[in-house]
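To keep things clear, I will list the structure first and then write my remarks on it.
Residue numbers (full-length UniProt numbering): 1 to 525.
Here it is as structure tokens:
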């Protein structure tokens, strides 16, 4: 199934759906820059990949402006409503994962579009949204991935959402034209009125009326108060590169911790695909996750000691605790599963690495108010334990799995990378980066190699090391003998996520790779 990377000399777009990649490429051809194109890709994904992302979800961005010469992060995650509290779930062990009472955080993605466009874009927001509006109004061929996910998770859809995605009670077949007129109208209102059309206008009013009718808690004032924020990324150095991640409430720092641990091992003596390779990565990830789970939440509600967690001497202690003979015991719990990662670079040196999500596939499973907007269930990951660091509180952002990544060489973008997959995101990112930097693989080769996911992901409470069956059987046996709970899945199983990479060589050439598990495309020129 392996293929060659797409090569470009002027620009590159990667995303999990070819129509979204095409939307970004069109913007670049019309004179837009990487930021304009990224918004076009993001909006198109909200239409053509609705099981993975949408206007009712969140987004995180890493933006490198060639003019500024630095990487900035935008946190496009929403807060819980002012009226949302632990008391509303009294007697329940957890927040419901679907329905109106699962949708308790304001969607932040539309706000992030205007924030990025107004700061760095060259074209208007309306121009960037043209393709998305067209795909929604005129329709597009149902993708195989959307069809598979609708079959698997369609029972979570209710009310207006069910009528949109299950017309006549079942999904359209792959290739049939899928039209979303209500979503087209909502996007058109955004194009005309900007972010306030959603947060301060008719769209928010209609969403909140629909939620209230079903027992939901978000109110128009929660939407009106929403603002994402520009912030400094967190970073570390690894193998001659500076690695950037979005700061908390993103889990991105866990990937940096993992790299700091791995920096204490000589990959020149570790064969790719060997027992030592998979075991070491899994153990480094477990160590970083233990700390992540103890501290991660909204940093405005709790101190997150990043200066300690990202300290190289602390990583040395964690590295010394890893045994090459035995898997460490660790615990896990389920998190969400739907996400769409994409990236864009242009001929001016601008680069955007971004990721967006509804949390579970189809989010909360509801699209209230005739807006065509599926709402996320991201807030369902809040804990109802009053002692938990990520406990539910009003106006709070939850522990967030979204984490776009960017590696810089000599201060300029060299690798943009990310993946779908909740708990799998820092794991697959680590696999990708080690393959690119230690084993000389190109982006497509790094993506195509077998993958694993340890622990909780895709909503399953498991501590297994889930590994694709094409990993050498002797390696799987050795991992099991060391104490890993090995669970073998099919080759190119969707459980391993949808990863995408853009690499930029020192001569300025672009190399794009997309995941064979999805419907994506890399488009270079």
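All residues carry an ideal CB built from backbone N, CA and C; glycine is no exception. All figures in this text were calculated on a predicted structure; none of them were measured in a lab.
Contact check, residue i vs residue j, beta carbons under 8 Å
i           : j           : result
residue 532 : residue 170 : There is no way to answer for residue 532, as the model of the chain reaches only from 1 to 525.
residue 487 : residue 466 : yes
residue 394 : residue 31  : no
residue 339 : residue 420 : yes
residue 174 : residue 124 : no
residue 318 : residue 287 : yes
residue 482 : residue 279 : yes
residue 375 : residue 85  : no
residue 43  : residue 187 : yes
residue 241 : residue 408 : yes
residue 23  : residue 40  : yes
residue 252 : residue 403 : yes
residue 501 : residue 38  : no
residue 405 : residue 245 : yes
residue 98  : residue 377 : yes
residue 491 : residue 463 : no
residue 182 : residue 370 : yes
residue 291 : residue 262 : no
residue 71  : residue 233 : yes
residue 95  : residue 379 : yes
residue 494 : residue 18  : no
residue 20  : residue 55  : no
residue 33  : residue 228 : no
residue 508 : residue 522 : no
residue 184 : residue 133 : yes
residue 496 : residue 415 : no
residue 247 : residue 115 : no
residue 163 : residue 524 : no
residue 447 : residue 499 : yes
Integer Cβ distance of residue i from residue j, believed to fall under 8 Å
i           : j           : result
residue 108 : residue 59  : 7 Å
residue 284 : residue 258 : 5 Å
residue 136 : residue 13  : The pair is not a contact, with the Cβ atoms about 20 Å apart (cut-off 8 Å).
residue 112 : residue 61  : 6 Å
residue 49  : residue 146 : 7 Å
residue 510 : residue 8   : 4 Å
residue 443 : residue 5   : 5 Å
residue 398 : residue 249 : 7 Å
residue 418 : residue 453 : Going by Cβ atoms, the distance from residue 418 to residue 453 rounds to 15 Å, so no, they are not a contact pair.
residue 282 : residue 190 : Contact flag wrong, Cβ pair sits at about 43 Å.
residue 346 : residue 28  : 6 Å
residue 236 : residue 211 : That pair is no contact at about 41 Å.
residue 36  : residue 128 : 5 Å
residue 413 : residue 64  : 5 Å
residue 57  : residue 363 : 6 Å
residue 26  : residue 131 : 6 Å
The alpha helix (DSSP H) enclosing residue i, as first and last residue numbers
i           : result
residue 41  : 34 to 48
residue 308 : 306 to 309
residue 27  : 18 to 29
residue 295 : 275 to 295
residue 208 : 202 to 213
residue 524 : Premise fails: residue 524 lies in the beta strand (DSSP E), 521 to 524, not in any alpha helix (DSSP H).
residue 198 : 196 to 199
residue 503 : Here residue 503 belongs to no alpha helix (DSSP H); instead the beta strand (DSSP E) covers 499 to 504.
residue 303 : Looking at the DSSP string, residue 303 is not in any alpha helix (DSSP H), and its letter there is neither H nor E.
residue 248 : Premise fails: residue 248 is in no alpha helix (DSSP H) and is neither H nor E.
residue 223 : 220 to 224
Host beta strand (DSSP E) of residue i (start-end)
i           : result
residue 188 : Per DSSP, residue 188 belongs to no beta strand (DSSP E); it is in the alpha helix (DSSP H), 181 to 193.
residue 162 : Taken as a continuous stretch (DSSP letters only), residue 162 belongs to no beta strand (DSSP E), being part of the alpha helix (DSSP H) at 159 to 165.
residue 8   : 6 to 8
residue 243 : 241 to 245
residue 253 : Looking at the DSSP string, residue 253 is not in any beta strand (DSSP E); the run it does join, the alpha helix (DSSP H), is 252 to 262.
residue 324 : Run containing residue 324: none; DSSP gives neither H nor E here.
residue 510 : 510 to 514
residue 354 : 351 to 359
residue 487 : 486 to 489
residue 371 : That residue, residue 371, is in no beta strand (DSSP E); it is neither H nor E in DSSP.
residue 235 : 234 to 238
residue 15  : 12 to 15
residue 55  : No beta strand (DSSP E) holds residue 55; DSSP gives it neither H nor E.
residue 231 : 229 to 231
Ordered list of alpha helix (DSSP H) runs contained in the stretch 391 to 476, each at least 4 residues:
424 to 438 and 443 to 448
Ignoring anything shorter than 3 residues or poking outside the stretch 62 to 143, list the beta strand (DSSP E) runs there in chain order.
70 to 76
Between the stretch 351 to 360 and the stretch 509 to 524, can you find at least three pairs of beta-carbon atoms closer than 8 Å?
no
Under 8 Å: do the stretch 88 to 105 and the stretch 215 to 222 share three or more Cβ pairs, one atom per stretch?
yes
Are the stretch 195 to 213 and the stretch 149 to 157 in contact at 8 Å, needing three or more beta carbon pairs?
no
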